[in-house]
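For the sequence shown, this note's numbering gives the first residue as 17, with consecutive numbering after it.
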Amino acid sequence: VCPPPAHTNPSAMKRKRDDPGWDLVTEDFSYKGSLKEDGTIEGKGVMEFPDGSQLIGTFSDGDPHGQGKYVSADGSTIFGTYEHGDLTGQVTETNESGGLVYEGEYRDSRRHGKGKLWLEDGGYMEGEFRDGVFDGKENIYHYPSAAIGRITEGSFLLKGEWRQGDMASAVLYRGADEALYNGKRVVYAYDPSDSVRISSKPTLPDLYEQSLVVVGPSSVGSNAGEGLFARVELPSGRIVSYYNGTRVRQDVVDARAWEENSNTITLIEGTSKRKARGRDNHRDSNDDPEKKTKEQDGVDDEDEDDNNDDDGENEEEEEEGEEEKYGDYDDDDREIGLSIDVPKEYALTTHYCASLGHKVNHSFDEKKVNCEYAHCDHPRFGQIRCIKTLRPIKKGEELLVSYGYDILNVTGDGVPDWFLEGYKKFSQLSAESAPEQQEQQ
């Protein structure tokens, strides 16, 4: 928000010293604008830092004071009013594309007070911020379907308390009314998974997700098991499903057979050679459509605000080496990489239906791929993967993605057997149909 700390970039600073356009050059920044007789920065000007970022505005005694605009090297901006170096009052943040990120109050160069924060997945949060984090008893999270500034009949939102950025307890609403599941109101809390636990309430579904998609026998092939289908017409560019699971280090994933990684997807890419970017739903021995219900029957017997008091918190200290919640991993985890996994014991939707993104199948035909994997920050699950539509999808159409395997260098070592067999079959069929297509043209 304020000018960044000193940067070590001698070559960049040398170029600035050689540039006659600057009125003042220091080790920390270069400045062009008004100066006092003693050389102190005073009045309107532009301060540029070695990383390419700029602060444009009014200065007093060397500090930004008055209206100012900070422009980062990637083009994202922060606009507001400075008081002796600190942003205070109403502030607007935008991303590199010019889209809104935050609009609300600041204090001491932090988000503090009433504000709205837009998320990359299309949802947004509004309410109270304290010392830079979402924190208040009457805060609201709007799911991606929500219209900015108004609540529509089909929009989903969570109303409740957030503490230090985490959802402590919030009631789900659909439009202006409380959403009901099995006749009871739905209460969620921050419930991140770890290396063992997938969820404290694995059969409590996300009703926003289930209003958009439904599980059923896949149309991909006889061995495809179940797939995910559009319950209603879906617009392009919408997050429609979530991919939660246990957190598994990438070196553990790489050491396992492909059959054990049937529902595994990369969350943080590391330096390991084999990335689990897709899952082998076709080879899951528990993936029996006859044993599953098409409509999920998750149960939440409690309807009090404190029904998730222990969500996201461990009663005992974790052993060294245990996975912590996303965002608290050490450098080794980031270097090695981290994956999300839905273990086989949760393959049946009667055992796990809190999220359904792992049910999406792969298509070798690029023309049939209508969705892609994306990252999102879910108030209940934390940082996970999700399913985003690439084009409008008709009601009843199956959602299909590309699992991201390297089909140009298929050797059989870096992909599961089903993928190699399917790729060869698809390539053969494509070659056989090519002459017919040419004749028709």
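Ideal Cβ positions, reconstructed from N, Cα and C, are used throughout, including at glycine.
9 Å Cβ cutoff met for residue i and residue j
| i | j | result |
| --- | --- | --- |
| histidine 128 | glutamate 99 | no |
| leucine 173 | tyrosine 197 | no |
| proline 261 | proline 359 | With the sequence shown as reference, residue 261 is identified as glycine, and proline is not the correct amino acid for it. Yes, the pair counts as a contact, with Cβ atoms nearer than the cut-off. |
| isoleucine 94 | threonine 108 | yes |
| tryptophan 274 | valine 431 | yes |
| glutamate 249 | lysine 384 | no |
| valine 212 | alanine 186 | no |
| lysine 375 | glycine 243 | yes |
| glycine 120 | lysine 130 | yes |
| glycine 84 | isoleucine 72 | yes |
| glycine 253 | threonine 110 | no |
| aspartate 182 | tyrosine 206 | yes |
| cysteine 387 | aspartate 137 | no |
| serine 161 | tyrosine 224 | yes |
| glycine 96 | glutamine 106 | yes |
| phenylalanine 245 | glycine 237 | no |
| histidine 378 | phenylalanine 435 | yes |
Nonlocal neighbours in the same chain, by C-beta distance under 6 Å from residue i, ignoring five residues either side
| i | result |
| --- | --- |
| aspartate 433 | none |
| aspartate 102 | Asp124, Ser125 |
| serine 443 | none |
| glycine 78 | Thr56, Ile57 |
| glutamate 331 | Because the pLDDT at glutamate 331 is just 37, under 50, the model does not fix this residue reliably, and the point stays unresolved. |
| tyrosine 342 | Because tyrosine 342 carries a pLDDT of 41, less than 50, the predicted location of this residue cannot be relied on, and no value is offered for it. |
| serine 88 | Ser69 |
| methionine 141 | Leu133, Phe150, Tyr157 |
| glutamate 177 | Lys153, Ala184, Ser185 |
| phenylalanine 145 | Arg127, His128, Gly131 |
For residue j and residue i, believed in contact at Cβ under 8 Å, the rounded distance
| i | j | result |
| --- | --- | --- |
| serine 215 | alanine 370 | 5 Å |
| isoleucine 255 | serine 355 | Not a contact, Cβ separation roughly 20 Å. |
| glycine 420 | glycine 353 | Going by Cβ atoms, the distance from glycine 420 to glycine 353 rounds to 14 Å, so no, they are not a contact pair. |
| phenylalanine 397 | serine 209 | 7 Å |
| aspartate 151 | glutamine 180 | 6 Å |
| serine 235 | glutamate 414 | 5 Å |
Neighbourhood of residue i by C-beta, 7 Å cutoff - its chain only, sequence neighbours within 5 removed
| i | result |
| --- | --- |
| histidine 394 | Tyr258, Ile400 |
| glycine 438 | Phe380 |
| glutamate 361 | His367 |
| aspartate 319 | Because the pLDDT at aspartate 319 is just 41, under 50, the model does not fix this residue reliably, and the point stays unresolved. |
| aspartate 325 | Its pLDDT being 38, under 50, aspartate 325 is placed unreliably in this model, and the value from its coordinates should be taken loosely. Closer than 7 Å at the Cβ level, and outside the excluded window around aspartate 325, lies no residue. |
| aspartate 357 | Gly261, Thr262, Val264, Asn279, Thr280 |
| serine 92 | Thr110, Asn111, Glu112 |
| tyrosine 122 | Gly96, Leu103, Thr104, Gly105, Val107, His128 |
Bridge partner(s) assigned by DSSP for residue i
| i | result |
| --- | --- |
| histidine 394 | Gly398 |
| glycine 438 | None; glycine 438 has no bridge partner. |
| cysteine 387 | Thr405 |
| alanine 246 | Val229 |
| threonine 110 | Thr93, Leu116 |
| glutamine 70 | Glu64, Val87 |
| glutamate 414 | Phe245 |
| valine 149 | Arg146 |
| histidine 158 | Tyr140, Leu173 |
| alanine 458 | Only positions 17 to 457 of the chain appear in this structure, which leaves residue 458 out of reach. |
| histidine 378 | Val417 |
| phenylalanine 75 | Gly59, Pro80 |
| isoleucine 356 | Arg263, Ile281 |
| glycine 129 | Phe145 |
| arginine 123 | Arg126 |
| aspartate 210 | For aspartate 210, which the question treats as bridged, DSSP gives no partner whatsoever. |
| tyrosine 98 | Gly82, Leu103 |
| valine 41 | Ser46 |
| aspartate 193 | Arg190 |
| leucine 51 | Ile57 |
Residue i beta carbon near the ligand PLP (any heavy atom closer than 8 Å)
| i | result |
| --- | --- |
| arginine 407 | The ligand content of the structure shown is nil, which means the ligand PLP is not present either. |
Close-in-space but distant-in-sequence residues of the same chain around residue i (CB under 8 Å, 5 per side omitted)
| i | result |
| --- | --- |
| aspartate 39 | Tyr47, Lys48, Gly49, Leu51, Gly61 |
| arginine 247 | Gln226, Ser227, Leu228, Val229, Val230, Lys411 |
| glycine 148 | Arg126, Arg127, His128 |
| valine 315 | Residue placement at valine 315 is flagged as unreliable, the pLDDT there being 39, under the threshold of 50; the coordinate-derived value follows with that caveat. The residues are Asn198, Thr219, Leu220. |
| lysine 175 | Glu154, Asn155, Ile156, Ala186, Val187, Tyr189 |
| glycine 37 | Lys48 |
| glutamate 382 | Ser418 |
| proline 408 | Glu249, Leu250, Pro251, Ser252 |
| serine 449 | none |
Exercise for review: Ignoring anything shorter than 4 residues or poking outside the stretch 251-292, list the alpha helix (DSSP H) runs there in chain order.
Suggested key: 266-271
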